[in-house]
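Add 258 to the 1-based position in the first sequence for my numbering, that's all there is to it.
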Amino acid sequence: MPELPDVEGFRKVLKSCAKGRVVQRVDVRDTGVLHGMSTRRLRDALVGRRFTEPERHGKWLLARTGGPTLLLHFGMTGQLACARPDDVVEAHNRVLFTLGGGRQLRYRDQRKLQGLWLADDDFEAARLLAGQGPDALAVDRAEFEAALSSHRGRVKTVLTDQSVLAGLGNLLADEVLWRARLRPTVRASDLTEADRRRLYTGMRRTLRSAVTAGCVPPRDSWLTGHRDDPAPACPRCRTLLRRSRMAGRSTVWCPRCQPDGS
DNA sequence: TCCACTGTTACTCA
DNA sequence: CTGAGTAACAGTGG
């Protein structure tokens, strides 16, 4: 599930559930999601601390406390939910943070492809995110265009490379390229000035709607709404959509709306 | 049983 | 060094 819009939704969950509240206890129900730390170290770092304003960078969520920072990554199936401590614990609830005020923050993840990291201070938190490109929601046009122009790979691969631009995943990249009428296989460095402008604008608009929805919405008027159709048709021109694989990910595009460029 | 899946990374090859 | 492809991680579902 999680791409930037989903993680932005989790940031809001974290804020409304945990900001200003003290961590009373931490239950690790599956240590497989802890990276570079033990249950003991996680408890020692967080119990008694109060969560402050959370932040997001790309697909990373930062739960700050003024001291240590908990970094959360949701892989493909992770979620963050706010519950009451006595609510029934669902399947795949891996870590439970019981907070003051009768709240419980729950990190849930089916596949455990990513998980939780702990940074003892802001310096270490920054170091964990050092490889990330600019956040896709915060990046300005100039920075965006510079990042694209400096890579000769296919534009879809570049858009989903978190070290170039942080936040876009497989669905969003397809959606943005479709909206900007660009074929995913075009070389990023071959994009014209007009292409890059359309791409930036398309990304902003797509992200804005998706953040409001809290996910990449499978709307009928979006490409994403048709990925799983048996014979998917372009919502704009009704042409049969094409499906292929790029960098091991399924890629969907419209052969008519997204011309070759040549 | 086989295949796919909104993520990331280590590894190979060109 | 760059870019592209693959398997692997783990779990579920069609």
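Glycine residues also receive a C-beta, built at the ideal position from the N, C-alpha and C atoms. The structure presented is a predicted model; accordingly, all values stated were derived computationally and were not measured.
By Cβ distance, which residues of its chain are closer than 7 Å to residue i, with the 5 residues on each side in sequence left out?
i           : result
residue 478 : 493
residue 393 : 315, 316, 424 and 425
residue 517 : 441
residue 325 : 307
Within a Cβ cutoff of 8 Å, which residues of the same chain sit near residue i, ignoring the five residues on either side of it in sequence?
i           : result
residue 334 : 259, 260, 369 and 371
Decide if residue i is buried, meaning its Cβ has at least 16 other Cβ atoms within 10 Å, or exposed.
i           : result
residue 415 : buried
residue 275 : buried
residue 468 : buried
residue 346 : exposed
residue 404 : exposed
residue 488 : exposed
residue 264 : buried
residue 498 : exposed
residue 266 : buried
Please report the residue range of the beta strand (DSSP E) in which residue i lies.
i           : result
residue 281 : 281-286
residue 509 : 507-511
residue 371 : Taken as a continuous stretch (DSSP letters only), residue 371 belongs to no beta strand (DSSP E), as it is neither H nor E.
residue 292 : Element bounds for residue 292: n/a, residue is neither H nor E.
Have a look at residue i and residue j and give me their C-alpha separation to the nearest angstrom.
i           : j           : result
residue 407 : residue 465 : 21 Å
residue 323 : residue 309 : 4 Å
residue 503 : residue 269 : 31 Å
residue 462 : residue 435 : 12 Å
residue 281 : residue 288 : 19 Å
residue 470 : residue 480 : 15 Å
residue 284 : residue 297 : 8 Å
residue 483 : residue 336 : 21 Å
residue 420 : residue 391 : 6 Å
residue 366 : residue 388 : 26 Å
residue 382 : residue 328 : 11 Å
residue 427 : residue 271 : 21 Å
residue 500 : residue 509 : 8 Å
Starting from residue i, trace the alpha helix (DSSP H) in both directions and tell me its first and last residue.
i           : result
residue 355 : Careful: residue 355 lies outside any alpha helix (DSSP H), inside the beta strand (DSSP E) at 351-357.
residue 504 : Not the alpha helix (DSSP H): residue 504 falls in the beta strand (DSSP E), residues 500-504.
residue 480 : No alpha helix (DSSP H) contains residue 480, which DSSP labels as neither H nor E.
residue 461 : 451-471
residue 433 : 428-437
residue 414 : 413-417
residue 403 : 399-407
Ignore the nearest five residues each way along the sequence and tell me which others in residue i's own chain have a CB closer than 6 Å to its CB.
i           : result
residue 373 : 291 and 293
residue 439 : 515 and 516
residue 286 : 297 and 353
residue 456 : 438
Checking the sheet assignment: what are the DSSP bridge partners for residue i?
i           : result
residue 362 : 341 and 356
residue 309 : 277
residue 327 : 322 and 377
residue 491 : 498
residue 393 : 424
residue 441 : According to DSSP, which records beta bridges pairwise, residue 441 is partnered with nothing at all.
Is it the case that the CB of residue i approaches a heavy atom of the ligand MN more closely than 8 Å?
i           : result
residue 301 : Ligands displayed in this structure: none; no statement on the ligand MN is therefore possible.
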